[in-house]
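Below is one structure, written out as structure tokens; comments come after it.
Pasting the structure below:
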């Protein structure tokens, strides 16, 4: 609620106001550029290494959560395959299934190699397809 006695509480800072605004095209493009930047790629790879170190300290692959494995693979692919729309599912046996779309054949070819760089991935099933971006 807005209170005139509290200058830090304004209608503009309320969650209802903030969440109802759509981001501008410039904000969306800047966020996408940041997500695909070299610094972000390095950060994601560092996060993956840190998770692997944690897994080693807690018993390694034997106690690894499937959601964590899928998340690591997804992070690796998102950092290295710009503008891809990728989904990742992990199975108990270490098989990951990658679906979705990528922009070209080179990106499609990277999926298996990049996925296998993640500790715990034993096999990769690639169901992703090439779907070049369209101009809207």
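Numbering (this note's numbering), first residue to last: 54 to 189. Using N, Cα and C, we set each Cβ at its ideal position, and we do this for glycine too.
Notebook entry, point to check: Which same chain residues, not among the five before or five after residue 175, have their C-beta less than 7 Å away from its C-beta?
Noted result: Residue mapping note: residue 175 aligns to position 122 of the chain shown, counting from 1. 146, 147 and 148, listed in sequence order.
Check: Can you give, in chain order, each stretch of the beta strand (DSSP E) that sits fully within the region 124-150 and has at least 3 residues?
Finding: Runs found: 138-143.
Checklist line | Range of the contiguous alpha helix (DSSP H) that encloses residue 162 | finding: Here residue 162 refers to the residue found at position 109 when the chain shown is read from its first residue. Residue range 158-169 is occupied by the alpha helix (DSSP H) that includes residue 162.
Notebook entry, point to check: Pick from 134, 96, 123 and 105: whose alpha carbon is nearest that of residue 162?
Noted result: Here residue 162 refers to the residue found at position 109 when the chain shown is read from its first residue. Checking every option, the nearest Cα to that of residue 162 belongs to 134.
Note to self: How far does the beta strand (DSSP E) with residue 177 in it extend, from its first residue to its last?
What the structure shows: For the purposes of this step, residue 177 is taken as the residue at position 124 of the chain shown. Counting along the chain, the beta strand (DSSP E) containing residue 177 begins and ends at 176-179.
Next item on the list: Can you check DSSP and say which residues form a bridge with residue 153?
Entry: What you label residue 153 is simply residue 100 of the chain shown in a count that begins at 1. Paired residue(s): 139.
Checklist line | Burial state of residue 138, where buried means 16 or more other Cβ atoms lie within 10 Å | finding: The residue you call residue 138 lines up with position 85 of the chain shown. By the 10 Å Cβ count, residue 138 comes out exposed.
Item checked: Local Cβ density within 10 Å of residue 127, reported as buried at 16 or more and exposed below that -> The residue you call residue 127 lines up with position 74 of the chain shown. By the Cβ neighbour-count rule, residue 127 is buried, with 16 or more other Cβ atoms within 10 Å of its own.
Check: To the nearest angstrom, how far is it from the Cα of residue 125 to the Cα of residue 110?
Finding: The sequence position of residue 125 within the chain shown is 72, counting from 1. The sequence position of residue 110 within the chain shown is 57, counting from 1. When rounded, the distance between both Cα atoms is 17 Å.
Notebook entry, point to check: Exposed or buried, which one is residue 74 when buried takes at least 16 other CB atoms within 10 Å?
Noted result: Within the chain shown, numbered from 1, the residue matching residue 74 stands at position 21. Because the pLDDT of residue 74 is 49, which lies under 50, any placement of that residue in the model is unreliable, and the question is left without a value.
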